[in-house]
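Down below is the structure, laid out as structure tokens.
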Amino acid sequence: MGEEANYNNMDRMINSSQEAEVRKGPWTLEEDLILINYITHHGEGVWNNLARSAGLNRTGKSCRLRWLNYLRPDVRRGNITPEEQMLIMDLHARWGNRWSKIARQLPGRTDNEIKNYWRTRIQKKVKHCEHDYQNVMLTDEAIPSTSTSQLNSVEDGASTQPNYPEYNMIDAEALEAPQFSSHESSDNFWTVDDFWSMQPLNCD
DNA sequence: AAGCTGAGCAACCGCACCATA
DNA sequence: CTATGGTGCGGTTGCTCAGCT
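The structure is reproduced here in structure tokens:
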């Protein structure tokens with residue numbers, strides 16, 4: 001139903017603009033099949049050439065994105081498990097918004113999906129929990145300020161190792177300390193201790 | 001039932017980096 | 001050394017849909 005609406009929109013887009021121009025917007029089922037079929041028989045290669053050779057009126061960039069984020073056979077979509085969420089949160093705490101790097105630690109997940117997941121789910125929860133935490137601090141001054149030293153401890157990753165099994169999947173390169181010069185490099189930045197101090201996240 | 005709103009997601013954009021001619 | 005083209009990445013946009021009033 002929704003897809004049909006998309007196709008109708010695409011038809012309108014195509015009809016209203018010059019046919020020769022490179023297409024943008026949602027991919028049609030037909031385009032998907034062409035791309036899948038072409039890559040199945042010829043491999044990925046140079047994307048600009050691929051787009052031309054396959055007869056797709058798309059940029060190589062668009063084809064690459066569609067293939068990597070959606071059409072690849074090993075792409076897993078939806079249903080991010082709690083374990084994956086924990087891993088995403090921990091790796092984000094280590095590396096910041098290095099989505100492609102994070103995605104490499106989650107087989108079948110794409111950087112785009114993780115990025116979207118972070119922005120729509122985790123970031124919202126983090127903010128919500130931070131808000132709750134601030135409210136608690138404002139209303140209960142009896143709580144000792146132990147968090148400062150804990151928050152600083154993120155720099156030595158060893159003290160903050162999560163204890164879920166997926167951690168064994170991470171290779172040595174992946175575990176190297178992140179090269180953060182300062183937190184201002186990312187508005188989204190938060191430390192792993194922030195996470196461990198606020199979990200479980202389902203605090204709503 | 002209709003309108004509104006926010007969440008979720010696919011896709012695009014712009015920039016940086018790299019390879020090669 | 002420089003220009004050019006291809007690729008990868010992070011940020012952002014815009015569309016769709018479900019839930020709410």
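Throughout the first sequence, residue numbering follows the UniProt record's numbering, covering 1 to 204 in sequence. Even for Gly, the Cβ is constructed at its ideal location relative to N, Cα and C. Just so it is clear, the structure is predicted and the values come from calculations on it, not from any experiment.
Cutoff 8 Å; reference residue i; Cβ partners in own chain excluding five residues on either side
i, result
"K115", "N97 and W99"
"D74", "P107 and G108"
Residues near residue i by beta carbon distance below 6 Å, same chain, minus five either side
i, result
"S62", "none"
Opening and closing residue of the alpha helix (DSSP H) in which residue i lies
i, result
"R66", "G60 to R66"
Where residue i falls: helix, strand or coil (DSSP)
i, result
"W27", "coil"
"N57", "coil"
"G157", "Here G157 scores only 33 on pLDDT, less than 50, and its place in the model should not be relied on; the value that follows carries that caveat. It is helical."
"V46", "coil"
Beta-carbon proximity list for residue i, same chain, < 7 Å, skipping 5 on both sides
i, result
"W27", "R66"
"N48", "G60"
"L68", "T110"
"D32", "L71"
Exercise. Only counting runs of 3 or more residues, tell me where the beta strand (DSSP E) segments fall wholly within the UniProt domain "HTH myb-type" (72–126), in order along the chain.
Key: none
Quiz item: Any contact of the stretch 100–108 with the stretch 77–91, i.e. 3+ C-beta pairs under 8 Å?
Solution: yes
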